[in-house]
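J.:
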Amino acid sequence: MNAIITLAGIVWMNMLRRKDIYVLLILLGVVLVTLVSLDVFGLGGTSAYVKDVGLLFTWFFGWVISVIASTREIPGEEEKRTVFTILSKPVTRCQYVAGKWVGVWLVSSVAVTVFYGLVVGVALLKGADLNPWTLMQALYMHIVLLGVICAIGLAFSARMNHDAEATVTFVLTTVSFLVVPRVPEFMAREEGFKAGLLMFAYNLFPHFEVFDLRRRVVHGYGPVGAQPVLMISAYGALLILFFVFAAWLAYRNKMFARDRMG
Amino acid sequence: MALLVLMTFSASCILTASNTASLITDSGDTSVAAAIMDAGRTTLSAWLYEKADLYFHVGKPRSVDLAFTGTVFQDLAETLGPTAHVHREGDQVREIVPWLWMASRADPNNIQHYLVASFWLAHEAGQSDLARALLAEARWNNPFSYPIAMEDALIALKHGEVNDAASLLNAGLAFWDIAKDNESEEARHDRSRMLLYRALIHEGRGKKEEAIADLQEILRLYPERKEIELRISELRNGSQPSLLASSAWSDILRSDIDKRREHEGCKYDDRGAGYSDGYAGGCGTPGCTHAHH
Amino acid sequence: MELALEIKDLTVSFNKGRKVVTALDKVSLSLPQGRILGFIGPNGAGKTTAMHAMLGFLKPDSGSISLLGTDVSKSIARAKIRYLQENPHTYGFLSGRELLLATARLFNLSRKECRFRAKRLISEMDLEDAADRRISTYSRGMTQRICLAQALINDPELVILDEPTGGLDPFGRQQIREIISSLKNKGKTVFFSSHELSEVELVCDYIAILSRGRIVAQGATSQVISGDESLERFFMRVVKS
Numbered sequence: 001m002n003a004i005i006t007l008a009g010i011v012w013m014n015m016l017r018r019k020d021i022y023v024l025l026i027l028l029g030v031v032l033v034t035l036v037s038l039d040v041f042g043l044g045g046t047s048a049y050v051k052d053v054g055l056l057f058t059w060f061f062g063w064v065i066s067v068i069a070s071t072r073e074i075p076g077e078e079e080k081r082t083v084f085t086i087l088s089k090p091v092t093r094c095q096y097v098a099g100k101w102v103g104v105w106l107v108s109s110v111a112v113t114v115f116y117g118l119v120v121g122v123a124l125l126k127g128a129d130l131n132p133w134t135l136m137q138a139l140y141m142h143i144v145l146l147g148v149i150c151a152i153g154l155a156f157s158a159r160m161n162h163d164a165e166a167t168v169t170f171v172l173t174t175v176s177f178l179v180v181p182r183v184p185e186f187m188a189r190e191e192g193f194k195a196g197l198l199m200f201a202y203n204l205f206p207h208f209e210v211f212d213l214r215r216r217v218v219h220g221y222g223p224v225g226a227q228p229v230l231m232i233s234a235y236g237a238l239l240i241l242f243f244v245f246a247a248w249l250a251y252r253n254k255m256f257a258r259d260r261m262g
Numbered sequence: 001m002a003l004l005v006l007m008t009f010s011a012s013c014i015l016t017a018s019n020t021a022s023l024i025t026d027s028g029d030t031s032v033a034a035a036i037m038d039a040g041r042t043t044l045s046a047w048l049y050e051k052a053d054l055y056f057h058v059g060k061p062r063s064v065d066l067a068f069t070g071t072v073f074q075d076l077a078e079t080l081g082p083t084a085h086v087h088r089e090g091d092q093v094r095e096i097v098p099w100l101w102m103a104s105r106a107d108p109n110n111i112q113h114y115l116v117a118s119f120w121l122a123h124e125a126g127q128s129d130l131a132r133a134l135l136a137e138a139r140w141n142n143p144f145s146y147p148i149a150m151e152d153a154l155i156a157l158k159h160g161e162v163n164d165a166a167s168l169l170n171a172g173l174a175f176w177d178i179a180k181d182n183e184s185e186e187a188r189h190d191r192s193r194m195l196l197y198r199a200l201i202h203e204g205r206g207k208k209e210e211a212i213a214d215l216q217e218i219l220r221l222y223p224e225r226k227e228i229e230l231r232i233s234e235l236r237n238g239s240q241p242s243l244l245a246s247s248a249w250s251d252i253l254r255s256d257i258d259k260r261r262e263h264e265g266c267k268y269d270d271r272g273a274g275y276s277d278g279y280a281g282g283c284g285t286p287g288c289t290h291a292h293h
Numbered sequence: 001m002e003l004a005l006e007i008k009d010l011t012v013s014f015n016k017g018r019k020v021v022t023a024l025d026k027v028s029l030s031l032p033q034g035r036i037l038g039f040i041g042p043n044g045a046g047k048t049t050a051m052h053a054m055l056g057f058l059k060p061d062s063g064s065i066s067l068l069g070t071d072v073s074k075s076i077a078r079a080k081i082r083y084l085q086e087n088p089h090t091y092g093f094l095s096g097r098e099l100l101l102a103t104a105r106l107f108n109l110s111r112k113e114c115r116f117r118a119k120r121l122i123s124e125m126d127l128e129d130a131a132d133r134r135i136s137t138y139s140r141g142m143t144q145r146i147c148l149a150q151a152l153i154n155d156p157e158l159v160i161l162d163e164p165t166g167g168l169d170p171f172g173r174q175q176i177r178e179i180i181s182s183l184k185n186k187g188k189t190v191f192f193s194s195h196e197l198s199e200v201e202l203v204c205d206y207i208a209i210l211s212r213g214r215i216v217a218q219g220a221t222s223q224v225i226s227g228d229e230s231l232e233r234f235f236m237r238v239v240k241s
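Residue numbers (my numbering), protein chains in the order written: chain A, 1 to 262; chain B, 1 to 293; chain C, 1 to 241.
Encoded structure:
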């Protein structure tokens, strides 16, 4: 456990000292300030769109951070050869993968929590009504989803080179975000092979739509019951375990040929 | 995706501001870039408009045909979102306006967005001046659109700006003549509505012959409308131009607006490029049970 | 005398396109505990490959490697050894102190012990002034020293150093030599590769010469080099032959 925490700490320090998250935070701030200053037709009293656009950007930035952080950790270490420094210590490959996952998940979660804080602050300034419980549920579900995305990124990065695995992770998560929830709708217009393919994708890809509570937050609904939250948490945990396990399987016997590195 | 949306939106706005027509060469050919931008702008605008619809229905998305239902993921996703079909009312309606505003800016040639936005501004938010300013902008971008003139005329009439309304109805009827799609039932209905309002204005001003001419024009469109025939004969038989004309148009206006308010949330979806005034068309929003006639 | 390192018939090959390149060909080597072995050879002879195989980064085609009597693939073996790679690569975003503390924690040392060892090594490596600066701002010599400090934080029994003096100025090289000698005085075993034959001659008890993936000479320094012949001349002769 000590090794996992230490490795996660190194990932945390790395992200903390890079500029990525701060740039995204500033970008979000600029977007929110622009939204707040946007007094459409001088109507005033409109605030839902601030929450909506703010949360949209929070999701987008959270996705970018988690994919980028998770996909560059392992190849980055190999490229800079710091992996030798770590793996020559009494650290198992399992601890190494787990430490990386904990680190990138922690970083993504904290970044997203800060983004939520900013959105909530600006929305409150604009006079929005926010149900704190719904908001906390939404943040919790979002954090679980980030864990899944980080695990997917790590699983692909264990074997592929950085460019390839980052592309695959971006594509897979984009499909899970935008296409998978609409498969039943697309299938209504397709038949035969295409419909079969869509059905296959529907069952194969992770379903990110079940982690999305933004509509409840934006339109002022209360929190959802405990049962769906538990079910979604279990689904998220299952996905995380699956992909972290896959990452470990891919990494556990990986050999480092000197001339194939960096 | 959000960044892409933002970039497309910004680019669309810049291009729009600099005049969309400049994208099209004199020969009428469009460049690939212009075609892509145009498609992006239209898609973005449609997405923003969809957002307005989502807001109007307090977060419940439009129902769509599904190949299957009842999977665990569908059930869970449904549990997370609102399920009741309700509409925003009163002050809450203004929450949809920012999306309509953005939708109209993303695709200024889509008059539907202007019409819906101006309707809510004028009749729900009580901001007729803003609604008319928006319609003026819509006219600037779509100079020969009769629905815009008609919408503007109705708002002017509601506020007693009769001269303004008359000019706008004249313009609307002139634009109707040159409109491409004036063969449709919706277009005929719109024309009859403009003629009716103008006839009432003529009546109010004591211009009996002009009023009769407009009413006869309505009869040519809808020969079965006995009440129009009756009114023509009343006017011909020496009935004085009614002092109640303004009361009549107020009643008709109120009725028109009420019907539109009732159906507006559902009506957006099936307007397409053309324009109907709501009670002439069917409801395009599945799940909405409102009658339309 | 117990062996700190024992390599038997180690063969490692790579696929380069369609060709199979043998990097190490039946290499056998042993090093008793508490001694210093200089592992020398021309560029591309296979020194780093041999060290990577010793640390389990590469899977040998055949042969066996035992470090302190344990198979190197087991993490317990790595708890007693430390490795400093050629052109030390480390986390430039950490400060020197943070790097040492993080490394110490990987060895399950208590927080107090971590701090104590970090402080001691920073002092030994003469890095007090730079300890809280990011490593990315260090000179090459300072980076080499902090990496060496990191390699020594767990008080290892066997230290594997890959070109530890490469690119250092004479003062830096002298400092590293002193550290290696002090390790020997503490009874530690040191396995280091170098191009600096004079250094090897100065500090090593044993030498092993690797050429084209094969050991061409090995043994106690005094026995390998006979008479007045310098290590450099001997090296040139055996490698060329």
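Note that the Cβ used here is the ideal one computed from N, Cα and C, for glycine as well.
All of these numbers come straight from a predicted model, not from anything done at the bench.
Secondary structure at Arg134/C, three-state DSSP: helix, strand or coil?
T.: Sequence index remark: in the third sequence, residue 134/C carries index 134 (1-based). Three-state DSSP puts Arg134/C in a strand.
J.: Excluding the 5 residues preceding and the 5 following Arg105/C in the sequence, name in chain order all residues of the same chain whose CB lies nearer than 7 Å to its CB.
T.: Stepping through the third sequence from its first residue, residue 105/C is reached at position 105. For Arg105/C, where only same-chain residues beyond five positions count, the Cβ hits under 7 Å are Cys114.
J.: Looking at the secondary structure, which residues open and close the beta strand (DSSP E) in which Arg82/C lies?
T.: Taking the third sequence and counting its residues from 1, one reaches residue 82/C at position 82. Where Arg82/C is concerned, the enclosing beta strand (DSSP E) stretches over Ile81 to Leu84.
J.: At what residues does the beta strand (DSSP E) containing Glu6/C begin and finish?
T.: One-based indexing of the third sequence puts residue 6/C at position 6. That run of the beta strand (DSSP E) goes Leu3 to Lys16.
J.: For Phe193/A and Ala50/C, I'd like the C-alpha separation in whole angstroms.
T.: Sequence index remark: in the first sequence, residue 193/A carries index 193 (1-based). Sequence index remark: in the third sequence, residue 50/C carries index 50 (1-based). For Phe193/A and Ala50/C, the distance between alpha carbons rounds to 54 Å.
J.: Using DSSP with H/G/I as helix, E/B as strand and the rest coil, what is Phe93/C?
T.: By 1-based counting over the third sequence, the position of residue 93/C is 93. Phe93/C falls in the coil class under three-state DSSP.
J.: List the endpoints of the continuous beta strand (DSSP E) containing Gly219/C.
T.: Position 219 of the third sequence, counted from the first residue, corresponds to residue 219/C. Counting along the chain, the beta strand (DSSP E) containing Gly219/C begins and ends at Arg214 to Ala220.
J.: Taking the alpha-carbon positions, what's the Thr113/A to Arg177/C distance?
T.: Here residue 113/A corresponds to residue number 113 of the first sequence, with the count starting at 1. Here residue 177/C corresponds to residue number 177 of the third sequence, with the count starting at 1. Answer to the nearest angstrom: the Cα atoms are 50 Å apart.
J.: Starting from the Cα of Asp190/B, find the closest Cα among Leu169/B, Glu203/B, Lys207/B and Tyr114/B and give me that residue.
T.: The residue labelled residue 190/B in the question sits at position 190 within the second sequence. Considering only alpha carbons, the answer is Leu169/B.
J.: Can you pull out the residues from the segment 69-91 of chain A whose beta carbon lies closer than 9 Å to at least one beta carbon of chain C?
T.: Cβ contacts with chain C come from Lys80, Arg81, Thr82, Val83, Phe84, Thr85, Ile86, Leu87, Ser88, Lys89, Pro90 and Val91.
J.: Only counting the same chain, and skipping five residues up and downstream in sequence, which positions put a Cβ closer than 7 Å to that of Thr169/A?
T.: Working through the first sequence from its first residue, we reach residue 169/A at position 169. Around Thr169/A: Val67, Thr71, Ile152, Gly153 and Phe156.
J.: To the nearest angstrom, report how far apart Gln112/B and Gly127/A are at their CA atoms.
T.: Here the question's residue 112/B lines up with position 112 in the second sequence. Here the question's residue 127/A lines up with position 127 in the first sequence. Approximately 30 Å between the Cα atoms of the pair.
J.: Extract the residue ranges of the alpha helix (DSSP H) inside the segment 145-230 of chain C, only unbroken runs of 4 or more that lie entirely within it.
T.: With a minimum length of 4 residues, the continuous alpha helix (DSSP H) runs that stay inside the segment 145-230 of chain C are 170-185, 197-203 and 221-224.
J.: If you drop the 5 nearest sequence neighbours on each side, which residues of the same chain put their C-beta closer than 7 Å to that of Gly315/B?
T.: Residue 315/B is absent from the model: chain B starts at 1 and stops at 293.
J.: Roughly how many whole angstroms lie between the Cα atoms of Asp269/B and Leu238/A?
T.: Residue 269/B sits at position 269 when you count from the first residue of the second sequence. Residue 238/A sits at position 238 when you count from the first residue of the first sequence. Bear in mind that a pLDDT of 41 at Asp269/B, under 50, signals an unreliable position, so the model cannot answer this.
J.: Are the segment 88-101 of chain B and the segment 61-68 of chain B in contact at 8 Å, needing three or more beta carbon pairs?
T.: Touching, no.
J.: Give the straight-line distance between the Cα atoms of Ser63/B and Pro82/B, rounded to the nearest whole angstrom.
T.: Your numbering for residue 63/B matches position 63 in the second sequence. Your numbering for residue 82/B matches position 82 in the second sequence. Each residue's alpha carbon lies about 12 Å from the other.
J.: So, is Trp101/B buried or exposed, given that buried needs 16 or more other C-beta atoms within 10 angstroms?
T.: On the second sequence, position 101 is the one that residue 101/B refers to. Flag for Trp101/B reads buried.
J.: So, does the CB of Ile4/A fall closer than 8 Å to a CB anywhere in chain B?
T.: Within the first sequence, the letter at position 4 stands for residue 4/A. Chain B, which has no Cβ nearer than 8 Å to the Cβ of Ile4/A, makes this no.
J.: Using a beta-carbon distance below 8 Å, is Arg17/A in contact with chain C?
T.: Counted from its first residue, the first sequence places residue 17/A at position 17. Yes, Arg17/A counts as interfacial toward chain C.
J.: Could you tell me whether the Cβ atoms of Leu158/C and Ala4/C are closer together than 8 Å?
T.: As a working note, residue 158/C is residue 158 in the third sequence. As a working note, residue 4/C is residue 4 in the third sequence. For Leu158/C and Ala4/C, yes; Cβs fall inside 8 Å.
J.: Counting only beta-carbon separations shorter than 8 Å, does Ile65/A have a partner in chain B?
T.: Your numbering for residue 65/A matches position 65 in the first sequence. Judged by the 8 Å Cβ criterion, Ile65/A is not in contact with chain B.
J.: Which same chain residues end up closer than 7 Å to Phe56/B when comparing Cβ atoms and leaving out the 5 residues on each side of it in sequence?
T.: Position 56 of the second sequence, counting from 1, holds the residue named residue 56/B. Excluding positions up to five away in sequence, the list reads His87, Arg88, Ile96 and Gly265.
J.: When DSSP labels each residue in this structure, what does Thr6/A get in the three-state scheme?
T.: For the purposes of this step, residue 6/A is identified with residue 6 of the first sequence, where counting begins at 1. DSSP places Thr6/A in helix when its eight states are reduced to three.
J.: Check whether the Cβ of Asp259/A lies closer than 8 Å to any Cβ atom in chain C.
T.: Here residue 259/A is taken as the residue at index 259 of the first sequence, counted from 1. Interpretation of Asp259/A is limited by its pLDDT of 48, a score under 50 that renders its predicted location unreliable; no figure is taken from the coordinates.
J.: Mind checking His207/A: buried by the 16 CB within 10 Å criterion, or exposed?
T.: As a first step, residue 207/A must be located in the first sequence, where it is residue number 207. Its Cβ being crowded by 16 or more others within 10 Å, His207/A is buried.
J.: Around the C-beta of Asn110/B, are 16 or more other C-beta atoms found within 10 angstroms, so that it is buried, or is it exposed?
T.: Translated into the one-based positions of the second sequence, residue 110/B becomes position 110. By the neighbour-count rule (16 or more Cβ atoms within 10 Å), Asn110/B is buried.
J.: Find the residues of chain A that neighbour Pro98/B, judging by a C-beta separation of less than 8 Å, and give them in chain order.
T.: Taking the second sequence and counting its residues from 1, one reaches residue 98/B at position 98. Correct list: Leu38, Val40, Thr46 and Tyr49.
J.: What is the DSSP secondary structure of Leu109/C, reduced to helix, strand or coil?
T.: Here residue 109/C is taken as the residue at index 109 of the third sequence, counted from 1. Looking at Leu109/C - three-state DSSP - the assignment turns out to be coil, as it is neither helix nor strand.
J.: Which one or two residues does DSSP pair with Thr46/A in a beta bridge?
T.: By 1-based counting over the first sequence, the position of residue 46/A is 46. Its beta-bridge partners do not exist; DSSP assigns none.
J.: When you compare only the Cα positions, how much space is there between Gln250/C and Pro156/C?
T.: Residue numbering for chain C in the displayed model covers 1 to 241; residue 250/C lies beyond these limits and cannot be assessed.
J.: State yes or no: is the beta carbon of Arg252/A nearer than 8 Å to at least one beta carbon in chain C?
T.: For the purposes of this step, residue 252/A is taken as the residue at position 252 of the first sequence. Answer no: the Cβ-Cβ gap between Arg252/A and chain C never drops below 8 Å.
J.: What would DSSP say about Ser66/C, mapped onto helix, strand or coil?
T.: Here residue 66/C is taken as the residue at index 66 of the third sequence, counted from 1. Three-state DSSP puts Ser66/C in a strand.
J.: Would you report the Cα separation of Pro61/B and Leu80/B, rounded to the nearest angstrom?
T.: For the purposes of this step, residue 61/B is taken as the residue at position 61 of the second sequence. For the purposes of this step, residue 80/B is taken as the residue at position 80 of the second sequence. Computed Cα separation, rounded: 12 Å.
J.: Distance check for Phe256/A and Lys16/C, CA to CA, integer angstroms please.
T.: Translated into the one-based positions of the third sequence, residue 16/C becomes position 16. Translated into the one-based positions of the first sequence, residue 256/A becomes position 256. Each residue's alpha carbon lies about 14 Å from the other.
J.: Does Lys59/C come within less than 8 Å of chain A when only Cβ atoms are used?
T.: In the third sequence, residue 59/C corresponds to position 59, counting from 1. So yes, Lys59/C belongs to the interface.
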